[in-house]
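*Asks:*
Number of protein chains: 2
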Amino acid sequence: MTIGVFDSGVGGLTVLNELLRLVPHADYLYFGDTARLPYGSKSAETVARYAISSARLLQERGATLMVIACNTATALAMPQIEKSLSVPALGVIAPGAQRVAAISRSKSAVVIGTEGTVASGAYPRALAAYGISATQKACPLFVPLVEEGWTDHSVTEEVARIYLSELFSRTGNADRRPPSKSAAASDSQPDVLLLGCTHYPLLKPLLRRLVPAQVSIVDSAESTAQKVAEIVSAMQKENPSTPVRPSASAAASASSIQFFVTDSVEKFQRLGQRFFSRKIENVSHLDLET
Amino acid sequence: MTIGVFDSGVGGLTVLNELLRLVPHADYLYFGDTARLPYGSKSAETVARYAISSARLLQERGATLMVIACNTATALAMPQIEKSLSVPALGVIAPGAQRVAAISRSKSAVVIGTEGTVASGAYPRALAAYGISATQKACPLFVPLVEEGWTDHSVTEEVARIYLSELFSRTGNADRRPPSKSAAASDSQPDVLLLGCTHYPLLKPLLRRLVPAQVSIVDSAESTAQKVAEIVSAMQKENPSTPVRPSASAAASASSIQFFVTDSVEKFQRLGQRFFSRKIENVSHLDLET
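Protein sequences appear in the order of chains A and B. My numbering puts the first residue of the first sequence at 5, with every later residue one more than the last. My numbering puts the first residue of the second sequence at 5, with every later residue one more than the last.
Right under this line is the structure:
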């Protein structure tokens, strides 16, 4: 089985990390549309056009299951992407929302993401289907801060504190105090922070320090990989003769991973290495516009 | 005369501001390649391809003089852009370097810009021609901070302090103290900070507070507009019958300004308004890829 993973850049590598952990014997094709990133600040029409051309390319190269590992593309263009492909596709929003639904007791969550993801309202819509109300906040500085490598920097902590300040009434140092009975019983307090951008998992330790202790952090990269693992497992149960890899003898070997990028290969390797748990090799440059 | 102004997004509006001040009776076509921004983190090949298609479009629409109001495009692709056009083109780097040469006494300058501009080495090369040595620093967080509207924010000040910390030996509060005789006499201290990105003029008041008092800040947006004014004036002296505007009766009226963008018109107007001194009207969407 070949899983195509698509993102606007390096953020989707956090999804690929989780996929390699949970679905270790599949082969992977990763596409980073680095010449046209970031998608986060662009309009729905532009993002849809870019995402469709990118996803089709992975399908042409042999992907039999597509993971849209980009929150903005999922939020703004998932129906169009699915329509343009002949293989099944999974976005990051539905699995993230499902995970929130499974763990939220107060039925109230905070969603942070790019400007495009937030403006789309995709997460609040997905969460509303589970009876969960969502407060959203666009955090446009998080992606450049992560790409600068300042994942545990005092500046990033200050930016996060500003972005999160109105979202949790007890954001800050108050998380060291045990929650009072009345606060714990209140249903209006959000008890989940959903990371609605694949760059944000790198900020998890920093965000953990800032949000109240009773708030769980849900990472849509991880939730998506879990969903893919379930799908692959279901496919195998349904048709036990379908191996994850074509040759049974290869089942014990490591996945093959091929990367495609639209901008510089060297830049992708350099920046991507901050996001990816293995060495980034086998990167090819592709030009989508010729 | 119709002047075409090209940038990857809204930053070139700082150049257009200065042009409207210094060459008020020309007509203007502004092109913001907002669907493909930012150029700052992309490779030379990609930037050249994008910039050429954008500049050609302005020429087709009637521009008779082209201003490449984007430091990254100028740094990475100026010769290719000039070759692809039949009208004269002016980038932002040569005028910025020329202005530094005119005012630096220590013959040492600091250049700040995007990753792409810095990596190209275009400013140090241009400055070396005037016998000026340059220290460079990429400041990738400045553009997103400006676009977030945090032009006078404590976070931006902290980021600037970090970026500039090693560039001026007396960066910080020390600029309040009168320079010692030995420091003032030293030729090795940079005495100019060149803003090598069209977003940075919005940070000028903040940067002014951080760099030593004896350091001048050169803004390539302003230097470029001055150069354009000189060119236009020379063209008129050479051929006095060539009016800036086709009809003499229109000479006293305001410039006409038309904007073209590749992403959302509404987003360009909203973000651009922070950069532009007049109301942004007459914006059309163009799709370069179809």
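Quick reminder that beta carbons are idealized off the backbone N, C-alpha and C, glycines included. If you're wondering where the values come from, they're calculated on a predicted model, not measured in any experiment.
Decide yes or no for the touch test of the segment 211 to 222 of chain A against the segment 101 to 113 of chain A: beta carbon pairs closer than 8 Å, at least 3 of them.
*Replies:* yes
*Asks:* Which runs of the alpha helix (DSSP H) spanning at least 4 residues fall entirely within the segment 41 to 122 of chain A, listed in chain order?
*Replies:* 48 to 64, 75 to 88, 97 to 107
*Asks:* Would you report the Cα separation of Ala288 of chain A and Gly15 of chain A, rounded to the nearest angstrom?
*Replies:* Numbered from 1 along the first sequence, position 284 holds the residue referred to as residue 288 of chain A. Numbered from 1 along the first sequence, position 11 holds the residue referred to as residue 15 of chain A. The residue you asked about is not Ala; residue 288 of chain A is Ser in the sequence shown. C-alpha separation (whole angstroms): 18 Å.
*Asks:* CB-CB under 6 Å to Thr313 of chain A, same chain, minus the five flanking residues each way: which ones, in chain order?
*Replies:* Residue 313 of chain A lies beyond the stretch modelled for chain A, which goes from 5 to 294, so this question has no answer here.
*Asks:* Provide the residue(s) that pair with Gln262 of chain B in DSSP beta bridges, ordered along the chain.
*Replies:* The residue labelled residue 262 of chain B in the question sits at position 258 within the second sequence. Bridge partners of Gln262 of chain B: B:Leu33.
*Asks:* Could you run through the segment 39 to 50 of chain A and flag, in chain order, every residue whose CB is less than 7 Å away from some CB of chain B?
*Replies:* Closer than 7 Å at the C-beta level to chain B, one finds these residues of the segment 39 to 50 of chain A: Ala39, Arg40, Lys46, Ser47, Thr50.
*Asks:* If you follow the alpha helix (DSSP H) that Ala238 of chain B is part of, which residue opens it and which one closes it?
*Replies:* By one-based count along the second sequence, residue 238 of chain B stands at place 234. Looking at the DSSP string, the run of the alpha helix (DSSP H) that includes Ala238 of chain B is 224 to 242.
*Asks:* Output, in chain order, the set of chain A residues within a Cβ distance shorter than 7 Å of Lys271 of chain B.
*Replies:* Counting from 1 along the second sequence, the entry for residue 271 of chain B is found at position 267. The contacting residues are Ser47.
*Asks:* Straight-line CA distance for Ala138 of chain B to Ala52 of chain B?
*Replies:* Looking up residue 138 of chain B in the second sequence gives position 134. Looking up residue 52 of chain B in the second sequence gives position 48. Taking the straight line joining both Cα atoms gives about 25 Å.
*Asks:* So if DSSP puts Ile221 of chain A in a beta bridge, which residue, or which two residues, is it bridged to?
*Replies:* Taking the first sequence and counting its residues from 1, one reaches residue 221 of chain A at position 217. Answer is A:Leu197.
*Asks:* Use the C-beta contact count for Ser12 of chain A: other C-beta atoms within 10 angstroms, 16 or more gives buried, fewer gives exposed.
*Replies:* Reading the first sequence from its first residue, position 8 is the one you call residue 12 of chain A. Buried.
*Asks:* Does the distance from the CB of Val114 of chain B to the CB of Leu94 of chain B come in under 8 Å?
*Replies:* Indexing the second sequence from 1 puts residue 114 of chain B at position 110. Indexing the second sequence from 1 puts residue 94 of chain B at position 90. Going by C-beta atoms, Val114 of chain B is not nearer than 8 Å to Leu94 of chain B.
*Asks:* Just grab the DSSP bridge partners of Ala142 of chain A for me.
*Replies:* Position 138 of the first sequence holds residue 142 of chain A. DSSP output for Ala142 of chain A lists A:Gly117 as bridge partner(s).
*Asks:* How long is the line joining the alpha carbons of Ala79 of chain A and Ala126 of chain A, rounded to whole angstroms?
*Replies:* Reading the first sequence from its first residue, position 75 is the one you call residue 79 of chain A. Reading the first sequence from its first residue, position 122 is the one you call residue 126 of chain A. If you take the alpha carbons of Ala79 of chain A and Ala126 of chain A, they lie about 5 Å apart.
*Asks:* Beta carbon of Leu275 of chain A: closer than 7 Å to some heavy atom of the ligand SAH?
*Replies:* With respect to small molecules bound, the structure shown includes none, and the ligand SAH cannot be examined in it.
*Asks:* Alpha carbon to alpha carbon, how far is Arg109 of chain B from Pro194 of chain B? Give it in angstroms, no decimals.
*Replies:* Working through the second sequence from its first residue, we reach residue 194 of chain B at position 190. Working through the second sequence from its first residue, we reach residue 109 of chain B at position 105. Approximately 9 Å between the Cα atoms of the pair.
*Asks:* Once the 5 residues before and after Asn286 of chain A are set aside, which same chain residues still bring their CB inside 7 Å of it?
*Replies:* One-based indexing of the first sequence puts residue 286 of chain A at position 282. Answer for Asn286 of chain A: Ile261, Gln262, Phe263, listed in chain order.
*Asks:* Any beta carbon from chain A within less than 8 Å of Leu145 of chain B's own beta carbon?
*Replies:* In the second sequence, the residue the question calls residue 145 of chain B occupies position 141. Yes, contact with chain A.
*Asks:* Which first and last residues belong to the alpha helix (DSSP H) in which Val287 of chain B is found?
*Replies:* One-based indexing of the second sequence puts residue 287 of chain B at position 283. Here Val287 of chain B belongs to no alpha helix (DSSP H); instead the beta strand (DSSP E) covers 287 to 289.
*Asks:* Looking at the structure shown, is Val147 of chain A part of a helix, part of a strand, or coil, going by DSSP?
*Replies:* Sequence index remark: in the first sequence, residue 147 of chain A carries index 143 (1-based). In this structure, Val147 of chain A counts as helix in the three-state DSSP scheme.
*Asks:* Please report whether the beta-carbon of Pro205 of chain B lies at a distance below 8 Å from any beta-carbon of chain A.
*Replies:* Start at 1 with the first residue of the second sequence, and residue 205 of chain B comes out as number 201. Not closer than 8 Å to any Cβ of chain A, the Cβ of Pro205 of chain B fails to qualify, so no.
*Asks:* I'd like to know if Glu170 of chain B contacts chain A, where contact means its C-beta is closer than 8 Å to some C-beta of that chain.
*Replies:* What you label residue 170 of chain B is simply residue 166 of the second sequence in a count that begins at 1. The beta carbon of Glu170 of chain B sits no closer than 8 Å to any beta carbon of chain A.
*Asks:* Go ahead and label Lys231 of chain A buried or exposed: buried means 16 or more other beta carbons lie within 10 angstroms of its beta carbon, across all protein chains shown.
*Replies:* The residue labelled residue 231 of chain A in the question sits at position 227 within the first sequence. Label assigned to Lys231 of chain A: buried.
*Asks:* Classify Asn243 of chain A as buried or exposed, calling it buried when 16 or more other Cβ atoms lie within 10 Å of its own Cβ.
*Replies:* On the first sequence, position 239 is the one that residue 243 of chain A refers to. Exposed, since its Cβ has fewer than 16 Cβ neighbours within 10 Å.
*Asks:* Quick check: is the beta carbon of Ser108 of chain B nearer than 8 Å to any beta carbon in chain A?
*Replies:* Translated into positions along the second sequence, residue 108 of chain B becomes position 104. Cβ-Cβ to chain A under 8 Å: no for Ser108 of chain B.
*Asks:* State yes or no: is the beta carbon of Val14 of chain A nearer than 8 Å to at least one beta carbon in chain B?
*Replies:* Sequence index remark: in the first sequence, residue 14 of chain A carries index 10 (1-based). For Val14 of chain A, the answer is no, since every Cβ of chain B falls outside 8 Å of its Cβ.
*Asks:* Does any residue of chain A bring its CB to less than 8 Å from the CB of Leu295 of chain B?
*Replies:* No answer is possible for residue 295 of chain B: it lies beyond the span of chain B, which begins at 5 and ends at 294.
*Asks:* Quick check on this structure: which residue in A:Ser47, A:Glu49, A:Arg40, A:Ala132 has the alpha carbon closest to the alpha carbon of Ser45 of chain B?
*Replies:* Your numbering for residue 45 of chain B matches position 41 in the second sequence. That would be A:Arg40, whose Cα lies nearest to the Cα of Ser45 of chain B.
*Asks:* Determine, for Asp267 of chain B, whether the minimum Cβ-Cβ distance to residues of chain A falls below 8 Å.
*Replies:* Walking along the second sequence from the start, residue 267 of chain B turns up at place 263. True, the Cβ-Cβ gap to chain A drops below 8 Å.
*Asks:* Let me check one thing: in DSSP terms, what residues is Phe10 of chain B bridge-paired to?
*Replies:* As a working mapping, residue 10 of chain B is identified with position 6 in the second sequence. Answer is B:Phe35, B:Ile72.
*Asks:* From Arg180 of chain B to Arg278 of chain B, what does the alpha carbon distance come to, in whole angstroms?
*Replies:* Numbered from its first residue, the second sequence carries residue 180 of chain B at position 176. Numbered from its first residue, the second sequence carries residue 278 of chain B at position 274. Residue confidence is low: Arg180 of chain B scores 43 on pLDDT, short of 50, so the model does not pin down where it sits. No coordinate-derived value is stated.
*Asks:* Verify whether the separation of the beta carbon atoms of Gly200 of chain A and Thr121 of chain A is less than 8 Å.
*Replies:* Here residue 200 of chain A refers to the residue found at position 196 of the first sequence. Here residue 121 of chain A refers to the residue found at position 117 of the first sequence. Yes.
*Asks:* I'd like to know if Pro83 of chain A contacts chain B, where contact means its C-beta is closer than 8 Å to some C-beta of that chain.
*Replies:* On the first sequence, residue 83 of chain A is found 79 positions in, with the first residue counted as 1. No, Pro83 of chain A does not count as interfacial toward chain B.
*Asks:* Please list the partners that Val159 of chain A has in chain B, where partner means a Cβ-to-Cβ separation under 9 Å.
*Replies:* The residue you call residue 159 of chain A lines up with position 155 of the first sequence. Neighbours of Val159 of chain A on chain B, chain order: Leu145, Val159, Glu162, Val163, Ile166.
*Asks:* Within a Cβ cutoff of 8 Å, which residues of the same chain sit near Ala67 of chain A, ignoring the five residues on either side of it in sequence?
*Replies:* In the first sequence, residue 67 of chain A corresponds to position 63, counting from 1. For Ala67 of chain A, where only same-chain residues beyond five positions count, the Cβ hits under 8 Å are Thr6, Ile7, Gly8, Leu33, Val91.
*Asks:* Between the C-alpha atoms of Gly176 of chain A and Arg213 of chain A, what's the straight-line distance to the nearest angstrom?
*Replies:* Counting from one through the first sequence, the residue named residue 176 of chain A turns up at place 172. Counting from one through the first sequence, the residue named residue 213 of chain A turns up at place 209. Its pLDDT being 42, under 50, Gly176 of chain A is placed unreliably by the model, and the measurement read from it follows with that caveat. Their Cα atoms are separated by approximately 8 Å.
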